[in-house]
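The structure under discussion appears below in the form of structure tokens.
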Amino acid sequence: MPGYESFSAQKYARRSAIHSRDLYSRGKVVKQVAEIIQKFITDNTNREVDAEHAQWRIGAGLVDIDRLFLTGLMRVSQSSFQPVLEVRTFGLTGIPDTFL
9 MPGYESFSAQ KYARRSAIHS RDLYSRGKVV KQVAEIIQKF ITDNTNREVD AEHAQWRIGA
69 GLVDIDRLFL TGLMRVSQSS FQPVLEVRTF GLTGIPDTFL
């Protein structure tokens, strides 16, 4: 997210041991992604950002979990995914009503 340090987290997409072929469902993966995003928001709430990135500040009435929508998961390597998020800007001060 603009104005914040790079962030990554690792979760295993298998139900048991590393060698298991029993993979999680898409719903379980999405739930794990949501948990990681929530942690990022919790860790960065009300953190100061440069003025040029002020629209990306995280906190109540700013960008928060209720304004984020997971619109896709991109496979960036054989075992890594990157979430594609959109921010609903309706009601954010100084930002037109749209999706970013």
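In case it helps, our numbering puts the sequence shown at residues 9 to 108. A virtual CB, placed ideally from N, CA and C, is assigned to each residue, including glycine. None of the values given here were measured: they were computed from a predicted structure.
Mind checking which residues open and close the beta strand (DSSP E) that includes residue i?
i	result
residue 90	88-95
residue 70	First-last for residue 70: undefined, no H or E at that position.
residue 80	76-85
What number of angstroms, rounded off, separates the C-alpha of residue i from the C-alpha of residue j?
i	j	result
residue 56	residue 14	15 Å
residue 58	residue 71	15 Å
residue 35	residue 60	36 Å
residue 39	residue 10	24 Å
residue 88	residue 64	25 Å
What residue from the options has the CA that sits closest to residue i's CA?
i	options	result
residue 52	45, 66, 58, 37	66
residue 73	43, 19, 37, 80	43
residue 69	18, 49, 9, 36	49
residue 79	63, 96, 87, 86	96
residue 93	87, 45, 63	45
residue 18	62, 33, 41	41
For residue i and chain C, any beta-carbon pair shorter than 8 Å?
i	result
residue 46	In the structure shown, chain C does not exist; there is a single protein chain.
Hey, could you find the ends of the alpha helix (DSSP H) residue i is sitting in?
i	result
residue 48	34-52
So what does DSSP say about residue i, is it helix, strand or coil?
i	result
residue 65	coil
Ordered along the chain, which non-local residues of its own chain (more than five positions away) have a Cβ less than 6 Å from that of residue i?
i	result
residue 90	82, 84
Ordered along the chain, which non-local residues of its own chain (more than five positions away) have a Cβ less than 7 Å from that of residue i?
i	result
residue 76	45, 93, 95
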